[in-house]
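Peer 1: Position one of the sequence shown corresponds to residue 2 (my numbering), numbered consecutively onward. Take this structure, written in structure tokens, and hold onto it; I'll ask about it next.
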Amino acid sequence: MELPVGKVVCVGRNYAEHARELNNAVPAEPILFIKPSTALVRMEEPFLIPRGQGDCHVETEMTLLIGETLTRGDDDKVLSAIAGVGLGFDLTLRDLQSRLKEQGHPWEKAKAFDGSCPLSTFVSAEGLSWDDITLQLVRNDQLQQNGNSRDMITPVADLLAYICRYFTLRPGDVVMTGTPAGVGPLVSGDRLEARLDDRLTIKTRVL
2 MELPVGKVVC VGRNYAEHAR ELNNAVPAEP ILFIKPSTAL VRMEEPFLIP
52 RGQGDCHVET EMTLLIGETL TRGDDDKVLS AIAGVGLGFD LTLRDLQSRL
102 KEQGHPWEKA KAFDGSCPLS TFVSAEGLSW DDITLQLVRN DQLQQNGNSR
152 DMITPVADLL AYICRYFTLR PGDVVMTGTP AGVGPLVSGD RLEARLDDRL
202 TIKTRVL
């Protein structure tokens, strides 16, 4: 399932245990940031990570493909606007992000660089229970991330309603819903398997 790609809206620290593992405060409301279309690569294909810029962490996320325009006041139709569900990696230059945060600067260089958003194909969300979706990452045959959407601080419907108060979501836009605990650095040669409930399994590797 594909639409012309627009922007990718991401939410930081949407799982409390992930916030804690990085010694971050659990936020009172969603922390939003955007990745441009130049950040997107296909998850199904081997992908590159930046060299010489410190650790590049992988954050596995459930992604939502938007199929209808959502804007301020559209709270009642947010779930019906979801055209598909998939998997995404929010690749993060963690050392750079830490320096930027210490300086009080935005995170874009650490979060929105070219190739920072491998996305899977999207599948139908029909019949999904949004408050009970398992999300996993297996790295080199070891389970690294194992979360469930029930643990989101801001669940899917509330997250979409919050986002469209600030950014109009249009067909082809993608929303990344946050990552559970277990993030960590990638190295060249890593074999990755991302799983979304029983709907989707993607195998890929780091070049």
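Glycine residues also receive a C-beta, built at the ideal position from the N, C-alpha and C atoms.
State the Cα-Cα distance for the pair ASP96 and ILE50, rounded to the nearest angstrom.
Peer 2: Cα-Cα distance, rounded: 14 Å.
Peer 1: Taking DSSP as the reference, what is the three-state secondary structure of VAL9?
Peer 2: Reduced to three states, the DSSP call for VAL9 is strand.
Peer 1: Which residues share a DSSP beta bridge with ARG196?
Peer 2: In the DSSP output, where bridge partners are listed per residue, ARG196 has GLN137 and THR202.
Peer 1: Using a Cβ-Cβ cutoff of less than 7 Å, which residues in the same chain neighbour ARG151 once the five nearest sequence positions on both sides are dropped?
Peer 2: Only ASP132 and ASP133 meet the Cβ criterion.
Peer 1: How big is the Cα-Cα spacing for CYS57 and VAL42?
Peer 2: Approximately 16 Å between the Cα atoms of the pair.
Peer 1: Are the CB atoms of VAL1 and ILE154 nearer to each other than 8 Å?
Peer 2: One cannot answer for residue 1 here, as it falls past the ends of the chain, which runs 2 to 208.
Peer 1: Does the beta-carbon distance from PRO181 to LEU136 come in below 8 Å?
Peer 2: Yes.
Peer 1: Would you tell me roughly how many angstroms separate the C-alpha atoms of LEU187 and PHE114, rounded to the nearest one?
Peer 2: Distance between the alpha carbons of LEU187 and PHE114 is about 16 Å.
Peer 1: When the Cα atoms are used, what is the spatial distance from ALA111 to GLN98?
Peer 2: About 5 Å.
Peer 1: Pop quiz: LEU88 and SER117 are said to be a contact at Cβ under 8 Å. What is the actual Cβ separation, rounded to whole angstroms?
Peer 2: That belief does not hold up - the Cβ atoms of LEU88 and SER117 are roughly 15 Å apart, past 8 Å.
Peer 1: Within 10 angstroms of the Cβ of ASN15, are there 16 or more other Cβ atoms? Answer buried if so, exposed if not.
Peer 2: Answer is buried; the Cβ neighbour count reaches 16.
Peer 1: At which residue ranges does the stretch 50-135 contain complete beta strand (DSSP E) runs of 3 or more residues, listed in the order of the chain?
Peer 2: Entirely contained in the stretch 50-135, the beta strand (DSSP E) runs reaching 3 residues are, in chain order, 57-59, 61-67, 83-90 and 118-120.
Peer 1: Return helix, strand or coil for LEU41, following the three-state DSSP convention.
Peer 2: Correct three-state label for LEU41: strand.
Peer 1: Taking the C-alpha atoms as reference points, what is the distance between MET44 and PHE123?
Peer 2: Each residue's Cα considered, the two are about 11 Å apart.
Peer 1: Beta-carbon separation of LEU161 and VAL176 under 8 Å?
Peer 2: Result yes, Cβ atoms of LEU161 and VAL176 sit closer than 8 Å.
Peer 1: Excluding sequence positions up to five away, which residues of its chain have a Cβ less than 8 Å from the Cβ of ALA40?
Peer 2: Excluding positions up to five away in sequence, the list reads VAL9, ALA113, PHE114, ASP115, GLY116, SER117 and CYS118.
Peer 1: Tell whether a beta-carbon distance below 8 Å holds between THR202 and GLU62.
Peer 2: Contact flag unset, no.
Peer 1: Alpha carbon to alpha carbon, what distance is there between SER38 and THR205?
Peer 2: Whole-angstrom Cα-Cα distance: 21 Å.
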